[in-house]
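Protein chains in written order, with the numbering used here: chain A, 1 to 113; chain B, 1001 to 1114.
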């Protein structure tokens, strides 16, 4: 069983640039969520995708956007990067129905300078 | 609004000692509660979860937690700490938008010394 994989593992960008982070969900999972974990804090929910549509969003501005593809993989896009966007971005997948928990990837560490 | 408070950002115990990590929650609906562990440079791994039913929940690596509705608590315990338990631990509750949209606490870093 292949777990959740994220790429790249580390990324350095300049303020104002745009970034795309990628996530492959665990085999059999059709729902993907994205979380932002700032240094020393707990993860914060960004949004969730199910059947290629956004299915819930946290308190993040519109410059945070996402996609889900037919194979259930997902992208997180962030435009007009700000210094405060520096964080670990975690992708998690699950299957809908029942009490299936989230399975997390190892994250992408984004540094904005 | 739902929230999670983890008391103690850092906890230090001796190897073999009891581990107690505290979590209190606030929820306007019956909560689903979770404990996750995060090792350095890794994602989060589910330790255990409470949804309904038995209030004492057993998880992996010898951890367990008890849901106490009257105290709005979900503390994590392990009878005997091992060096490999050193990590960051996060308590989480389901948010208002659904079961898998979690609200996390700020985390507790557990140190285990010989």
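Note that CB positions come from ideal geometry on N, CA and C, so glycine has one too.
Distance, Cα to Cα, residue 11(A) vs residue 1071(B)? Taking the straight line joining both Cα atoms gives about 43 angstroms.
Confirm, please, whether the CB-CB distance from residue 77(A) to residue 18(A) is below 8 angstroms. In this structure, residue 77(A) lies closer than 8 angstroms to residue 18(A) by Cβ.
Is it the case that the Cβ atoms of residue 1039(B) and residue 1047(B) are separated by a distance below 8 angstroms? No.
So, do the segment 1066-1082 of chain B and the segment 1019-1038 of chain B have three or more beta carbon pairs nearer to each other than 8 angstroms? Between the segment 1066-1082 of chain B and the segment 1019-1038 of chain B, the count of Cβ pairs shorter than 8 angstroms is three or higher; the stretches touch.
When we look at the beta-carbon of residue 55(A) and count the other beta-carbons within 10 Å, is it buried (16 or more) or exposed? It counts as buried.
Which residues of chain A have a Cβ atom closer than 7 angstroms to the Cβ of residue 1076(B), listed in chain order? Going along chain A, no residue has its Cβ under 7 angstroms from residue 1076(B), so there is no contact; the nearest lies around 15 angstroms.
Per-residue contacts from residue 1090(B) into chain A (C-beta, under 9 angstroms): Taking the beta carbon of residue 1090(B) as reference, the chain A residues within 9 angstroms of it are 42, 43, listed in sequence order.
Between the alpha carbons of residue 41(A) and residue 80(A), how many angstroms are there, rounded? Distance between the alpha carbons of residue 41(A) and residue 80(A) is about 23 angstroms.
Whole angstroms are fine: how far does the CA of residue 37(A) sit from the CA of residue 84(A)? Their Cα atoms are separated by approximately 11 angstroms.
Neighbour flag for residue 1033(B) against chain A, beta carbons, 8 angstroms: Chain A contact via Cβ: absent.
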